[in-house]
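Residue numbers for the sequence shown follow full-length UniProt numbering, beginning at 1 and rising by one.
From the three backbone atoms N, C-alpha and C, an ideal C-beta is built for every residue, glycine too.
All values derive from a computational prediction rather than experimental measurement.
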Amino acid sequence: ALALASQVVAHGYVPFVRIGSTTLPGWDVNTGPYILRCPDSGFIADPTSGDITCSIGNSKLPPTEITATVTAGQTVTALWNTWPIGHYGPVLNYLAKCPSSGCSSWKADTGSPWFKIQQSVYANGEWASDTLAKSNFSYAIRIPSNIVPGKYLLRHENLALHGATNIGGAQFYPVCIQLNGTCVPSDELERAEG
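Below, the structure written as structure tokens:
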């Protein structure tokens with residue numbers, strides 16, 4: 001238990017998610033209503049593993065589906081508990097539309113269900129992960145304004161490259177957030193564009 005606790009502290013996880021102005025509980029060591037539960041907060045070293053989609057233990061999904069509602073074009077902010085400076089690398093974000101059966105029993109680890117919606121790599125002399133660490137461990141993800149309404153997994157990932165000079169040294173830290181995506185009402189869209 002102590003080893004896991006130190007791993008959690010060293011690398012971080014997403015205990016809260018902010019959608020608009022509402023902060024929702026995310027995954028933590030014991031519970032995780034909006035984020036698929038992860039039995040481990042360690043990194044994924046093998047990018048061909050099924051765990052690469054939503055973290056270690058991807059097969060241990062929550063028994064019921066719980067989603068956070070987000071409007072197309074809205075921002076979801078992942079609020080990490082910590083992230084060490086020096087675990088540098090890009091921050092990547094993907095969506096996958098869940099099947100009609102929903103997100104809770106779907107692993108999204110076969111085929112090609114994911115599409116990239118955002119990435120930050122290196123800007124102004126700083127890696128995206130270091131920017132995240134210096135921004136109160138938060139990262140804002142804009143949901144595309146043209147998504148089809150439905151249930152989605154948002155895959156938010158820090159990719160630590162500090163060990164990548166060795167084969168297999170890149171460290172993937174993915175987390176999946178279950179979203180119920182809704183459309184922007186056309187009158188609101190017209191006001192925003194006008």
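Is it right to say phenylalanine 115 is buried, meaning 16 or more other beta carbons lie within 10 angstroms of its own, or is it exposed? Residue 115 sits at position 115 when you count from the first residue of the sequence shown. Exposed, since its Cβ has fewer than 16 Cβ neighbours within 10 Å.
In three-state terms, what does DSSP make of glycine 150? What you label residue 150 is simply residue 150 of the sequence shown in a count that begins at 1. Here glycine 150 carries a strand assignment [DSSP, helix/strand/coil].
Inter-residue Cα distance where the pair is threonine 22 and glycine 169: As a position in the sequence shown, residue 22 is number 22, starting the count at 1. As a position in the sequence shown, residue 169 is number 169, starting the count at 1. Near 37 Å, if we compare the C-alpha coordinates of glycine 169 and threonine 22.
Thinking just about the alpha-carbon of each residue, which of Ile85, Gly102 and Lys107 is nearest to the one in glycine 50? On the sequence shown, residue 50 is found 50 positions in, with the first residue counted as 1. Selected option, being the one with the closest Cα: Lys107.
What is the rounded straight-line gap between the Cα of glycine 86 and the Cα of aspartate 130? Position 86 of the sequence shown, counted from the start, is the residue given in the question as residue 86. Position 130 of the sequence shown, counted from the start, is the residue given in the question as residue 130. So the alpha carbons of these two residues sit roughly 7 Å apart.
If you drop the 5 nearest sequence neighbours on each side, which residues of the same chain put their C-beta closer than 8 Å to that of glutamine 74? Locating residue 74 in the sequence shown gives position 74, where the first residue counts as 1. Closer than 8 Å at the Cβ level, and outside the excluded window around glutamine 74, lie Ile19, Gly20, Arg142 and Ile143.
Whose CA, out of Asn180, Gly181, Pro174 and Leu179, lies closest to the CA of asparagine 93? In the sequence shown, counting from the first residue as 1, residue 93 sits at position 93. Of the listed residues, the one whose Cα sits closest to asparagine 93 is Pro174.
Identify every run of the beta strand (DSSP E) within the stretch 100-185, keeping only runs that are complete inside it and at least 3 residues long; order them along the chain. List check, beta strand (DSSP E) in window: 114-120, 138-142, 150-160 and 171-182.
Quick test of your reading: valine 91 and asparagine 136, contact by CB under 8 Å. State the CB separation rounded to the nearest angstrom. Residue 91 sits at position 91 when you count from the first residue of the sequence shown. Residue 136 sits at position 136 when you count from the first residue of the sequence shown. No, valine 91 and asparagine 136 are not in contact; Cβ-Cβ is about 15 Å, not under 8 Å.
Residues bridged to valine 14 (per DSSP): By one-based count along the sequence shown, residue 14 stands at place 14. Beta-bridge pairing links valine 14 to no other residue.
C-alpha distance - tryptophan 80 paired with glycine 89, whole-angstrom precision: As a working note, residue 80 is residue 80 in the sequence shown. As a working note, residue 89 is residue 89 in the sequence shown. Each residue's alpha carbon lies about 16 Å from the other.
Out of Ala140, Ala96, Thr165 and Ala78, state which residue places its alpha-carbon closest to the alpha-carbon of tyrosine 17. Mapped onto the sequence shown, residue 17 falls at position 17. The identity of residue 17 in the sequence shown is valine, whereas the question assumes tyrosine. Here the closest residue by C-alpha is Ala78.
Starting from proline 47, trace the beta strand (DSSP E) both ways and give me its first and last residue. Within the sequence shown, the letter at position 47 stands for residue 47. No beta strand (DSSP E) holds proline 47; DSSP gives it neither H nor E.
What is the rounded straight-line gap between the Cα of asparagine 166 and the Cα of alanine 45? Stepping through the sequence shown from its first residue, residue 166 is reached at position 166. Stepping through the sequence shown from its first residue, residue 45 is reached at position 45. Spanning the two alpha carbons is a distance of roughly 11 Å.
Measure the C-alpha to C-alpha separation of threonine 82 and glycine 42 and round it to an integer number of angstroms. What you label residue 82 is simply residue 82 of the sequence shown in a count that begins at 1. What you label residue 42 is simply residue 42 of the sequence shown in a count that begins at 1. Those two C-alpha atoms are separated by around 13 Å.
Please tell me whether cysteine 183 and serine 55 are closer than 9 Å, where the distance is taken between their beta carbons. Here residue 183 refers to the residue found at position 183 of the sequence shown. Here residue 55 refers to the residue found at position 55 of the sequence shown. Taking 9 Å as the Cβ cut-off, cysteine 183 and serine 55 do not qualify as a contacting pair.
Do leucine 132 and leucine 153 have their beta-carbon atoms positioned less than 9 Å apart in this structure? As a first step, residue 153 must be located in the sequence shown, where it is residue number 153. As a first step, residue 132 must be located in the sequence shown, where it is residue number 132. No, the pair does not count as a contact, with Cβ atoms beyond the cut-off.
Rounded straight-line distance, which links the Cα of proline 113 to that of asparagine 146: Taking the first residue of the sequence shown as position 1, residue 146 is located at position 146. Taking the first residue of the sequence shown as position 1, residue 113 is located at position 113. Taking the Cα positions, asparagine 146 is about 17 Å away from proline 113.
Just verifying my parser: in three-state terms, what is the DSSP assignment at isoleucine 52? Sequence index remark: in the sequence shown, residue 52 carries index 52 (1-based). Reduced to three states, the DSSP call for isoleucine 52 is helix.
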